Amino acid sequence: MLEIRNITKQFPAVRALDGVSLDIAAGEVHGVIGENGAGKSTLMKILAGIQPPDQGSLTLDGIPYQPRNVNDASRVGVVMIHQELNLVDDLSVAENILLGREPRRFGLIQLGRMRTEAARLLEEIGANIDPRTRVGDLPVAQQQLVEITKALSQKTSVLILDEPTAVLSERETTLLFKLVRRLKERGVAIVYISHLLPEVLDLCDRISVLRDGRLVAETTPAESDADRLASLMVGRDLVDVYPPLVPPSIDTSRLSIRDLSVPGHASKITFDVAPGEIVGLAGLVGSGRTEIAEAIVGLRAISGGEVRLDGDAVRFRSPKQALERGVAYVSEDRKGRGILVDLSCVENTTLPNLSAYGRLVPDRRRERAATADWIKRLDIRCPDPRSPIRTLSGGNQQKFAVASRLDARPTVLLLDEPTRGVDVGAKRELYHLIAGLARDGLACVLISSELPELLGLCHRIAVMRQGRLAGVVDGPTASEESIMRLAAGVGEEAA
Amino acid sequence: MSESTQTDHSGGGHISTAWKMGLSALERFGVVIAFIALFTYNAITQPETFLKPENLRNLLNQNADIGVIAVGMTLVIIAGGIDLSVGAVMAFGAAVGLITMNALFEGSMNETLAVMIGLGTGIALGAACGLLNGLLVTIGRIPAFIVTLAGLIGFRSVTLAIAEGGEIRAAYGLTALQTLGRGGLEIPGVLDYYEQPVIFYWNILIFFAVVIAGQLLLGRTRLGRHFIAVGSNEVAARYSGIAVNRVRTWSYVLVGACAGIAALMSLMRMNSVSSSGVGHLAELDAIAAVVIGGTAMTGGRGRVWGTMLGVLILIMISNMLTLADVEVYWQGFVKGVIIILAVLIQRGKAN
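So the sequence lines, in the order shown, correspond to chains A and B. Reminder that position 241 of the first sequence reads as 229 in the numbering used here, one-by-one numbering, no gaps. Adding 184 to a residue's 1-based position in the second sequence gives its number in the numbering used here.
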């Protein structure tokens, strides 16, 4: 259906795509995987008409396909659903689905007909959403369903999904997969981009692996497994993904959480973290993990319980106060909250701790020296520390986000999904970094949705379920099943 | 697609890279180029008048107060805010400052001391108005546009009420203010038409001093870095441990203080306060200079020296149009076109 031939795209610094050829067949789910910077996003932008290729050709159903913009692409049925959704928050679901194609009579929009039409389309894909709801009031997962409904209400022959499950919970992911399979039966060609290898293996009919702008392999789930795909992506075998676990030397508690309650999100949470210990916080999306961390550093109101630091009860009113007492938080939302994308790498590194470089006037030479230090210590790839941080890859941005918090010499580090959107190679480096920090005596809390990384890194794992602590398990002896049981509330009596 | 068209594609890529580099230089330094071009044009077309030291001096003197406000406006816009009340605050500060010094002088205080206290009162009042704006924006959580629009209406109204709609003059016999306004730095060897030394008034020197202070504050101090961080992404700044509300409030205090300084500058120049005229539309001239100078209205990115050139460009355009016998009614139209052009040229930077 869609033929991609010898696509090349050159950017000022890198060749993002180098002679890539692919065939996407109707009624097929075609997975495209690769590390960050492998060229997946560029390829998808070319397919969706956001960027033109430098060389090569595209053919759709035998006809040359040269979209100049997104409208050109969607007119012939090629639709892309981004990680960042393209919906108008202030319009209703129905208005969004039929945006630009509203049923009209005498030049006026027929609201009733629009609503019934939208309701029909939503029902068709099995989404249980009221078409009158304001889109901004929906959770992200449902917004994504609205976007898919919108895409399918037009004549769609190729649907591109870019990391669609990044914002979804387990249950929602299952729903999405069902939907994708139904679309496949209807003959839609689906291009599926993801970081998560198990879901690619589960969903896709064929898998193409990109590395450094080239197509390095095309395979099927039957002839591959996650390990093989991972080594194809990085081009080498991954060994020692997780560093050896060193038990904490001191068993006094540095951070004690006692019956901590956050209104609407968590109630009566209790756990301890010792210096040198990594405590994982597991749980499904929405179980209150992030909110606990945010409450500790003063970003959310606390309705009960207390936080103790080295035995002293503390209640921070802002991250500034928390940082001054040595408690640092790295947000899960890297680009929105972790770093300042337009500021330079140096400015990002020293921002939380700028007063240490001079009360009124920061010493820029010392700032640069400290940044160079962190670049070396965390092995960050950064050609020019004075250039904006947005020019770096996700993994390197994340390392700077961590470095900026560490620059204030905290004694407690709260890490929220530190490896989200980071490729396999950079993940491994982050794991070693976190373990190294713990060995140096830092008390770490690691919030993660990836069970393997919790099991690989943590001394103990606290599992949350719907705002409550479902249990605490020992890292080295726990299994994915035992954590999932706690997180999902299966066999509660036994646990 | 054939071989030949492919080669064309990549060839076009190289040309467009060079073109893009030129374009990005234009985006960054367009304001410098525009300044030099306007200056040269004025110098060539009016060699007898424009370059005369007293002419340059007078042009600067008349607009130095707006220039100081524009520096403050640059800071508040970079920190992600806006202040529409500056013109009204300037009038308010000037009125209260003059009344204070009149009262002190008539209460038989030493003349110089009375003037100094009056001028100090003006600046302090400006900063206090800024503090009020800042607290309403941060703690009151009202959008800056609304708070300062209310300030624009409110402070002007108070000033009009104080002066009963008219003018406040310096008290009879109070001459120190005027003397101060005519004083300044005599640059050796610079003579006017009558072979008399040209004095660059204190107002002009204050303007350049504020520009330098503003640029240093923005580029070299912690507060300046925090302005940029908060204007760039307020949430990320808070997560990074910045006291966002305090930083934002400071930006309003500083722009208010700048309006107070502008108030004393207008007092020194005019020796009186017109309650409706002082600072009239100053907020818009200041914002125009900020925009021409290359500061992003969305915050997080900007430069004080650009604003200074923006002020000078606006001065030269008015001067040019006046000397070219363009009716004063049309001058606003030309300024409007210049502002749009400035934004169009600088837009590429955002991408």
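C-beta atoms are modelled at their ideal positions from N, C-alpha and C, and glycine is treated no differently. Treat the numbers as computed from the prediction; the structure is a model and nothing was measured.
If you draw a straight line from the Cα of PRO209 (chain A) to the Cα of GLY114 (chain A), it comes to about 27 Å.
Your pair PRO376 (chain A) and VAL318 (chain A) does not check out as a contact, with CB atoms roughly 20 Å apart and the cut at 8 Å. Residues of chain A whose Cβ lies closer than 9 Å to the Cβ of ARG409 (chain B) are, in chain order, LEU331, GLU335, THR338, LEU339, LEU342, PRO350. The beta-carbon of ALA413 (chain B) is placed less than 8 Å from the nearest beta-carbon of chain A. Contact between the stretch 171 to 180 of chain A and the stretch 136 to 154 of chain A is established, with three or more Cβ pairs separated by less than 8 Å.
Take the alpha-carbon of THR405 (chain B) and the one of VAL395 (chain B): they are about 15 Å apart. For SER244 (chain A), the enclosing beta strand (DSSP E) begins and ends at 243 to 250. Unbroken alpha helix (DSSP H) stretches of 4 residues or longer found wholly inside the stretch 402 to 441 of chain A: 412 to 427, given in chain order. In its chain, beyond the 5 residues on either side, GLU279, ALA283, ARG288 have a beta carbon closer than 6 Å to the beta carbon of VAL250 (chain A).
Interface flag for SER424 (chain B) against chain A is set, since a Cβ pair is found closer than 8 Å.
When C-alpha distances from LEU442 (chain A) are compared across A:ARG473, A:GLY382, A:ALA270, A:ILE21, the shortest belongs to A:ALA270.
Counting only runs that start and end inside the stretch 291 to 369 of chain B, the beta strand (DSSP E) elements of at least 3 residues fall at 351 to 353. Sequence-ordered contacts of the stretch 418 to 446 of chain B with chain A read VAL419, ALA420, ALA421, ARG422, TYR423, SER424, GLY425, ILE426, ALA427 [C-beta pairs closer than 8 Å]. Burial state of PHE339 (chain B) is buried, judged by a 10 Å Cβ sphere holding 16 or more other Cβ atoms. Counting only residues of its own chain and dropping the five nearest sequence neighbours on each side, PRO41 (chain A) has a CB closer than 7 Å to the CB of ILE(-5), THR(-4), LYS(-3), ILE34. Where THR161 (chain A) is concerned, the enclosing alpha helix (DSSP H) starts and stops at 158 to 173.
Under the three-state reduction of DSSP, LYS256 (chain A) is assigned to strand. Boundaries of the alpha helix (DSSP H) harbouring ASN242 (chain B): 237 to 262, taken from the DSSP string.
Relative to the Cα of SER343 (chain A), the nearest Cα in the group A:ILE290, A:LEU366, A:ARG397, A:VAL302 belongs to A:ARG397. About 7 Å separates the beta carbons of GLN54 (chain A) and LEU46 (chain A), which is inside the 8 Å limit, making them a contact pair.
In the DSSP assignment, ASP150 (chain A) falls within the beta strand (DSSP E) that extends over 146 to 150. Scanning A:GLU111, A:SER212, A:ASN57 for the CA closest to the CA of GLY19 (chain A) turns up A:SER212. Against chain B, a Cβ distance below 7 Å from ARG325 (chain A) picks out VAL419, ALA420, TYR423. Straight-line measurement puts the Cα of TYR377 (chain B) at about 11 Å from the Cα of GLU232 (chain B). Spanning the alpha carbons of ALA4 (chain A) and GLY201 (chain A) requires a straight line of approximately 5 Å. Under the rule that a run must span 4 or more residues, the alpha helix (DSSP H) segments found entirely inside the stretch 436 to 482 of chain B read 466 to 476. When rounded, the separation of the alpha-carbon atoms in GLN385 (chain A) and LYS256 (chain A) is 34 Å.
In the DSSP assignment, SER9 (chain A) falls within the beta strand (DSSP E) that extends over 3 to 12. The beta carbon of GLY484 (chain B) falls within 8 Å of a beta carbon belonging to chain A, placing the residue at that interface. If you check the CB distance, ARG453 (chain B) and ASN294 (chain B) do not come in under 8 Å. Each of B:ALA355, B:PHE391, B:ASP509 was checked against the Cα of PHE289 (chain B), and the nearest Cα belongs to B:ALA355. Between LEU361 (chain B) and VAL299 (chain B), the C-beta gap is smaller than 8 Å, which places the two residues in contact. Judged by DSSP in its simplified three-state form, ALA218 (chain A) adopts helix.
Note that the C-beta distance between GLY486 (chain B) and GLY478 (chain B) is below 8 Å. Comparing alpha-carbon positions, the option among B:TRP434, B:GLY516, B:GLY373, B:ILE352 lying closest to ASP469 (chain B) turns out to be B:GLY516. For ILE499 (chain B), the uninterrupted alpha helix (DSSP H) segment begins and ends at 488 to 507.
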